[in-house]
Amino acid sequence: MQQIIPAVSRETAESLMAFESLFRKWSAAINLASPSTLSEIWGRHILDSAQLFPLAPQARKWLDLGSGGGFPGVVLAILLKDRAGSAIDLVESNGKKAAFLRTAIAQTGAPGRVHAERIEAMRERIGTPEIITARALAPLHTLFALAEPWLTSGAVALFQKGRDYRREIDESHDGWAFDLVEHPSAVGKESVILEISNLRRSGHSGRISR
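Per our numbering, the very first residue in the sequence shown carries number 120; after that it's consecutive.
And the structure:
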């Protein structure tokens, strides 16, 4: 963890370990993640989630879409405990997963709010955040459609993508324009973090930085 976030506090580290324990307990009942990845929770899930945090060092208002098993949403919520005045909204339509998220937020004392609703239903209920995150939720062009009200109002997206990310970028240019910065993943050679800003509907491609 120190390699990704050098100044993580002891309390935060303990909260992350408590979340790991809770995740393992609930996974046995409601399949929060593939059983084959449970032996790699720290590298495959927790560190993968935590690496988003230093990419927005000043951001205090976050929104995580399709929060599922809490990656990256709950991990970010725990890290935000050390950033005064911060909070994250977690949107998850699955009732059982939302119940898990609420339990995780309560037990870790993290500044998070869980919404057991579809993303579309939250567009007028959640104000524009500084950062929007999503992990393993949908193709890029679908994420744009889901997050459009916030992204076109000034929010910046940090979307985690795997080996097919270039194809997703190309496909999203059919109807969308945006500014893009590609950040290499700290935990996966074939993974990236796509930083998206200035989203608008257009037939023209966006500017890309690497």
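Note that beta-carbon positions come from the ideal geometry of N, C-alpha and C, so glycine has one too. Just so you know, these numbers come straight off a predicted model, no measurement behind them.
If you draw a straight line from the C-alpha of R329 to the C-alpha of S158, how long is it? With a pLDDT of 49 at R329, under the threshold of 50, the modelled position of that residue is not reliable, and the figure given next carries that caveat. When rounded, the distance between both Cα atoms is 32 Å.
For a quick check, are the C-beta atoms of K280 and L318 less than 8 Å apart? no
Which ranges does the alpha helix (DSSP H) cover as unbroken runs of at least 4 residues, wholly within the region 225-294, from first to last along the chain? Those alpha helix (DSSP H) runs which fall completely within the region 225-294 and span 4+ residues are 259-270 and 284-291.
From the DSSP output, in three-state form, read off P303 for me. strand
Best match in L184, G187, R320 and G228 for proximity to A196 [C-alpha to C-alpha]: G228
For P248, count neighbouring C-beta atoms within 10 Å of its own C-beta (all shown protein chains included) and say buried if the count is 16 or more, exposed if not. Flag for P248 reads buried.
Verify whether the separation of the beta carbon atoms of F142 and G188 is less than 8 Å. Going by beta carbons, F142 and G188 fall inside the 8 Å limit.
Start and end residues, beta strand (DSSP E) containing V311: If you look at V311, you'll find it in the beta strand (DSSP E) that goes V311 to S321.
Looking at C-alpha atoms only, which residue of L135, S168, D298 and Y284 is the closest neighbour of E309? Nearest C-alpha to E309: Y284.
Residue range of the alpha helix (DSSP H) that includes L195: G192 to L198
Taking Cβ to Cβ, would you say D298 is nearer than 8 Å to I245? No, the Cβ-Cβ distance between D298 and I245 is not below 8 Å.
For L151, name the three-state secondary structure that DSSP assigns. coil
Endpoints, the beta strand (DSSP E) within which L209 is located: In the DSSP assignment, L209 falls within the unbroken beta strand (DSSP E) covering A206 to V210.
Any beta-carbon of chain B closer than 8 Å to the one on P268? The question asks about chain B, but that chain is absent: this structure has only one protein chain.
My guess is that I165 and V127 are in contact by the Cβ rule of under 8 Å, so how many angstroms apart are they, rounded? I165 to V127, Cβ: 11 Å. No contact.
Near P230, what residues of its chain come up, given a Cβ to Cβ distance below 8 Å and the 5 sequence neighbours on each side ignored? A196, L199, K200, S205, A206 and I207
Report, in whole angstroms, the separation of the C-beta atoms of A235 and I250, which I expect to be a contact under 8 Å. No, A235 and I250 are not in contact; Cβ-Cβ is about 22 Å, not under 8 Å.
Beta carbon of F219 nearer than 8 Å to that of I149: yes
Can you grab the Cα-Cα spacing for the pair G294 / T261, in whole Å? 11 Å
Cutting at 6 Å between CB atoms, please list the residues of its own chain near S168, excluding the five before and the five after it. F190, P191 and V194
Quick check: what's the CA-CA separation for F263 versus S186? Rounded to whole angstroms, F263 and S186 show a C-alpha spacing of 16 Å.
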